[in-house]
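Undergrad: Have a look at this one.
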Amino acid sequence: MSEYNLDLTGKIALITGGSRGIGKAIALAFSTKGASVAITYANSSSSAEQVTEEINKLGCGAISIKANSSDYNRANEVIDEVVQKWGKIDILVNNAGITRDGLILRMSEDQWDQVIETNLKGIFNYSKAVARTMMKNRGGSIINIGSIVGLTGNAGQSNYAASKAGLIGFTKSYAKELASRNIRANIVAPGYILTDMTNILDEKVLEDIKEATPLARAGNVEEVAAACLFLASDLSSYITGEVIRVDGGMAI
Ligand code: NDP
């Protein structure tokens, strides 16, 4: 590393679930540093369009693609579309994620399957599909969005915690497989961040979460995006297989 550089000019990034929340913030952060950005989404086409419009105004280039992260073949199509447009992918952020909470004794098979397929299989789908272009390009950064719940567990979120713990094992294994190709794979594990996902929690739960957080507040999406920016840039060129918590100290 010759200089301390956060610049992403000329880099191509793909962010799954970039239409709202944390994924949107990551897309905007990368584009302010010069990257061209492709985002995927499941349903919110108008929100996705707003994100790409905002990025296009910065002059970096952005596209949105409707693609369910759990669909293996669709992941290959998405990667092909981005590579056809821009010739390569330097940065992949696997951010798409859902919750379907419930105690295990009441959890349906469908609740389990949906969360594992979206949050964990989705990461396999995109990480595998992106490898060829990254290998050809002799480098890349894969960033998987986990959760501190994957480290600590959480009653009522066994499916979600399993998906987020699972992606740590996946990412560490993939980091070892890809290191010789100069492709890094890391995890950002947020704590309690203000987004649509956490808006549904009731006041009491939110107060309890804040009380359990040493920095005594919720995090914001830009604070998660900042960690992703670090992992996407050459500033983290010697970091792979790492979990970075962005949780105000909640999981210390
Ligand atoms: P939001 O619910 O605000 O946004 C989720 C994003 O993922 C949307 O863009 C959504 O698209 C997309 N998405 C959902 N399901 C799919 C799917 N099957 N295929 C493709 N895209 C999909 O979530 P957050 O921003 O809060 O969460 C983002 C990530 O951060 C998730 O992985 C989550 O688990 C993780 N996280 C969040 C925390 C928090 O406190 N908010 C804490 C820890 C981790 P659409 O708009 O079309 O629905």
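Numbering (my numbering), first residue to last: 199 to 450.
Every residue gets a Cβ at the ideal spot worked out from N, C-alpha and C, and that includes glycine.
1. Are the beta-carbon atoms of residue 140 and residue 239 separated by less than 8 Å?
2. Measure the beta-carbon distance from residue 438 to residue 384 and round it to whole angstroms, keeping in mind my assumption that it falls under 8 Å.
3. Looking only at its chain, what residues have a beta carbon closer than 6 Å to the beta carbon of residue 428, apart from the 5 residues adjacent to it on each side?
4. Based on Cα-Cα distance, which residue from 256, 218, 376 and 363 lies nearest to residue 346?
5. Would you say the beta carbon of residue 341 is closer than 7 Å to some non-hydrogen atom of ligand 1?
6. State buried or exposed for residue 436, treating a residue as buried only when at least 16 other CB atoms are found within 10 Å of its CB.
7. Looking at residue 274 and ligand 2, is the gap between the Cβ and the nearest heavy atom below 7 Å?
8. Suppose contacts are defined by Cβ-Cβ distances below 8 Å. Is residue 244 in contact with residue 315 by that definition?
9. Look at the alpha carbon of residue 404 and the alpha carbon of residue 448, and state the distance between them as a whole number of angstroms.
10. By the 10 Å Cβ neighbour count, where 16 or more other Cβ atoms means buried, how is residue 443 classified, buried or exposed?
11. Nearest-angstrom Cα distance between residue 304 and residue 290?
12. From residue 206 to residue 270, what distance separates their C-alpha atoms?
TA: Taking the structure as given:
1. No answer is possible for residue 140: the residues shown for the chain start at 199 and end at 450.
2. Along the sequence shown, one-based indexing puts residue 438 at 240. Along the sequence shown, one-based indexing puts residue 384 at 186. Between residue 438 and residue 384 the beta-carbon gap is near 6 Å, inside 8 Å, which marks them as a contact.
3. Residue numbering aside, residue 428 sits at position 230 when the sequence shown is read from its first letter. 434.
4. Walking along the sequence shown from the start, residue 346 turns up at place 148. When each option's Cα is compared against that of residue 346, the closest is 363.
5. Along the sequence shown, one-based indexing puts residue 341 at 143. No - ligand 1 has no heavy atom lying nearer than 7 Å to the Cβ of residue 341.
6. The sequence position of residue 436 within the sequence shown is 238, counting from 1. A residue is called buried once 16 or more other Cβ atoms fall within 10 Å of its Cβ, and residue 436, having fewer, is exposed.
7. For the structure depicted, ligand 2 is absent and the ligand set comprises only ligand 1.
8. As a first step, residue 244 must be located in the sequence shown, where it is residue number 46. As a first step, residue 315 must be located in the sequence shown, where it is residue number 117. Against a cut-off of 8 Å, the Cβ pair of residue 315 and residue 244 comes out as no contact.
9. The residue you call residue 404 lines up with position 206 of the sequence shown. The residue you call residue 448 lines up with position 250 of the sequence shown. For residue 404 and residue 448, the distance between alpha carbons rounds to 13 Å.
10. Position 245 of the sequence shown, counted from the start, is the residue given in the question as residue 443. So residue 443 counts as buried.
11. Translated into the one-based positions of the sequence shown, residue 304 becomes position 106. Translated into the one-based positions of the sequence shown, residue 290 becomes position 92. Take the alpha-carbon of residue 304 and the one of residue 290: they are about 35 Å apart.
12. Start at 1 with the first residue of the sequence shown, and residue 206 comes out as number 8. Start at 1 with the first residue of the sequence shown, and residue 270 comes out as number 72. Their Cα atoms are separated by approximately 28 Å.
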